[in-house]
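Numbers given in the working numbering equal positions in the sequence shown, counted from 1, plus 5.
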Amino acid sequence: MRVFGRAPSYNPGDDNIVRNYAVQLRKRLNLYFEREGSQESFRLEIPRGAYIPVFHARPSLAGPQPALAASAEETTPISPAPGSHPQVPPARKDWRMFLIGLLFASLLWGTCWLAYTSASSPPAPKVASRPLWATLFSRGHDTLIVPADAGVGILQNLSQQPASLTSYSNGEYLSSVRVKNADQGSIDDLRTQRYTSMVDLDITTRLSHLPEVIPDHLIIRYARDLRIDDLRGNNVILLGAIHTDPWINLLQANLNFKFVCDRRVNDCYILNTHPAPGERPLYRSNLKSPYRETYSVVALLPNLDHTGWILLIEGLDMAGTEAAANILMNDSAMRPVIQKAFTRNGKPRAFELLIQTGSLEAEALPAGIVAERFSQ
6 MRVFGRAPSY
16 NPGDDNIVRN
26 YAVQLRKRLN
36 LYFEREGSQE
46 SFRLEIPRGA
56 YIPVFHARPS
66 LAGPQPALAA
76 SAEETTPISP
86 APGSHPQVPP
96 ARKDWRMFLI
106 GLLFASLLWG
116 TCWLAYTSAS
126 SPPAPKVASR
136 PLWATLFSRG
146 HDTLIVPADA
156 GVGILQNLSQ
166 QPASLTSYSN
176 GEYLSSVRVK
186 NADQGSIDDL
196 RTQRYTSMVD
206 LDITTRLSHL
216 PEVIPDHLII
226 RYARDLRIDD
236 LRGNNVILLG
246 AIHTDPWINL
256 LQANLNFKFV
266 CDRRVNDCYI
276 LNTHPAPGER
286 PLYRSNLKSP
296 YRETYSVVAL
306 LPNLDHTGWI
316 LLIEGLDMAG
326 TEAAANILMN
336 DSAMRPVIQK
346 AFTRNGKPRA
356 FELLIQTGSL
366 EAEALPAGIV
376 AERFSQ
């Protein structure tokens, strides 16, 4: 149980990893005793429904013996008495038991090690993005991963009252926002509980498993608990959709691709401040036609005192945020970006990526980079 990281009281009905590897071990033992170990005096078994090995004495393996030619001195052949068994010397028995035990230990160790390494070692990302991750995860700074505040997003949608960064960070918005015709208990939950999305949790998990991560310097901080000083001396990764992460408003002045919301809180788009040839001035989600599309931004910016970096993984909605993270983890998509964003001596420069993703008749389409910017 220790190898698999499970408590002795764990429920195998909910988690069958131990049972699966016990089944594999049982099959390998059976195969051994049917082949190489077919002449062994004892058989080792793992009973079904249990994980403790059991030794069984095997039935007599003695069969009809071929007659031996008698020597000149022999006058009467000596035959074993009916029902008797050949005697195995004690030393030979001890060696057989030792070898069986060694075999069992080797098989058990091998299967447990395989389970442990496969469960605890996430696949390493490919080479292309490693300069980016090495920049964001360093011993010189703490790195804060900040999942979005889904609660404040829901409150804005229900109340149609947008949250400014100032009113959000000082708690005024959460204490004063009013929602008509809603259950007050549920509204109070949104004010006080820490809700985020599965998309953000998945991205946080993927980031925390990167080999460049330094565990002692990694901090997961909820958006509601973030403070402006956190954006000064640390590396920070901000996740979420625009209306669930008011902190992005602090960085909008430094972005070419800006998030803008008109009329309604959830009616937002990305403004292309300085369109390049072939680019549109704005990019808005289209969720009503058979081809549904949405947009997101990945941006690397200096932190507020220019001692570290802030990475934005932000979408117009959760689908956009997920697409942005997938691009970051895509080796072929990020290779040309990293080549442009990092100098020959490995120093980073700020960049922005505008990402499009969509679906056609409920079938997801691959995400792609439709525009990019790099600082000089």
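For each residue, glycine too, the CB sits at the ideal point set by N, CA and C.
Predicted model, so just to flag it, every value in this text is computed and none were measured.
Nearest-angstrom Cα separation, counted from residue j out to residue i
i: ARG378; j: ASP234; result: 27 Å
i: THR80; j: ARG63; result: Residue placement at THR80 is poorly supported in this model, since its pLDDT is 42, which falls under 50; the coordinates still yield a value, given next. Cα to Cα, the separation comes out at about 35 Å.
i: TYR300; j: ILE315; result: 20 Å
i: THR122; j: ILE242; result: Only weak support exists for where THR122 lies, its pLDDT of 48 falling under 50; the value from the coordinates is given anyway. About 28 Å.
i: SER294; j: ARG349; result: 45 Å
i: ASP193; j: PRO220; result: 35 Å
i: VAL204; j: LEU244; result: 9 Å
i: GLY320; j: PRO251; result: 13 Å
i: PRO307; j: ARG31; result: 57 Å
i: ILE253; j: ILE318; result: 10 Å
i: MET334; j: SER134; result: 8 Å
i: ASP207; j: SER213; result: 10 Å
i: HIS279; j: GLN257; result: 14 Å
i: ILE225; j: PHE60; result: 50 Å
i: LEU365; j: ARG211; result: 27 Å
i: ASN331; j: PHE142; result: 19 Å
i: GLU298; j: ILE374; result: 13 Å
i: ALA75; j: LEU36; result: Confidence at ALA75 is low in this model, with a pLDDT of 41, below 50, so its placement is unreliable and the value that follows should be read with caution. Those two C-alpha atoms are separated by around 40 Å.
i: ASN255; j: ASP267; result: The sequence shown places Leu at residue 255, not Asn. One C-alpha to the other measures close to 18 Å.
i: PRO52; j: GLU41; result: 21 Å
i: ALA376; j: ILE247; result: 19 Å
i: ASN309; j: ARG237; result: Before going on, a small fix: residue 309 reads as Leu here, not Asn. Each residue's Cα considered, the two are about 5 Å apart.
i: TRP138; j: PHE38; result: 51 Å
i: GLU325; j: TYR296; result: The sequence shown places Gly at residue 325, not Glu. Roughly 15 Å separates the two Cα atoms.
i: ASP230; j: THR140; result: 24 Å
i: LEU34; j: SER46; result: 15 Å
i: TYR173; j: LEU195; result: 13 Å
i: ALA155; j: VAL218; result: 26 Å
i: ALA329; j: GLU50; result: 51 Å
i: THR209; j: GLY283; result: 34 Å
i: TYR178; j: GLN344; result: 43 Å
i: THR171; j: ILE360; result: 29 Å
i: PRO71; j: ARG48; result: Residue confidence is low: PRO71 scores 47 on pLDDT, short of 50, so the model does not pin down where it sits. No coordinate-derived value is stated.
i: PHE347; j: VAL303; result: 16 Å
i: MET323; j: PRO353; result: 28 Å
i: ALA355; j: PRO136; result: 13 Å
i: PRO216; j: VAL182; result: 42 Å
beta-carbon residue i near the ligand GTP non-hydrogen atom, thresh 7 Å
i: ASP310; result: Among the components of this structure there are no ligands whatsoever, and the ligand GTP is therefore not found.
Local Cβ density within 10 Å of residue i, reported as buried at 16 or more and exposed below that
i: ARG340; result: exposed
i: ASN175; result: exposed
i: GLN381; result: exposed
i: SER290; result: buried
i: ALA145; result: Note that residue 145 is Gly in the sequence shown, not Ala. Answer is exposed; the Cβ neighbour count stays below 16.
i: THR362; result: buried
i: SER180; result: exposed
i: SER43; result: exposed
i: ILE275; result: buried
i: PRO286; result: exposed
i: VAL157; result: buried
i: LEU305; result: buried
i: GLY351; result: exposed
i: GLU357; result: buried
i: VAL132; result: Low per-residue confidence applies at VAL132: pLDDT is 49, beneath 50, and the placement is therefore not dependable, though the value from the model is reported in the following sentence. It counts as exposed.
i: PRO371; result: exposed
i: THR201; result: buried
i: ARG199; result: exposed
i: VAL151; result: buried
i: GLN165; result: exposed
i: LEU292; result: exposed
i: ASP272; result: exposed
i: ALA153; result: buried
Per DSSP, cross-strand counterpart(s) of residue i
i: TRP314; result: PRO307
i: ALA228; result: Paired residues: none, contrary to the question.
i: TYR274; result: VAL265, ARG289
i: HIS61; result: ARG48
i: SER301; result: GLY320, ILE360
i: GLU377; result: LEU358
i: PRO347; result: Looking at the sequence provided, one finds Phe at residue 347 rather than Pro. PRO353, per the DSSP bridge assignment.
i: VAL241; result: LEU149, ILE315
i: TYR296; result: LEU365
i: LEU223; result: THR148
i: ALA246; result: GLY320
i: LEU370; result: GLY363
Could you give the uninterrupted runs of the alpha helix (DSSP H) lying entirely in the stretch 118–201, keeping only those of 4 residues or more?
Taken in chain order, the whole alpha helix (DSSP H) runs of length 4 or more contained in the stretch 118–201 are 135–141, 155–164, 170–174, 177–181, 189–197.
*asked:* Using 8 Å as the cut-off, can you tell me whether the stretch 176–187 makes contact with the stretch 260–267, which would need three or more C-beta pairs spanning the two stretches below that distance?
replied: Contact annotation: the stretch 176–187 does not touch the stretch 260–267, with fewer than three C-beta pairs closer than 8 Å.
Complete runs of the beta strand (DSSP E) confined to the stretch 314–339 [at least 3 residues] = 314–320
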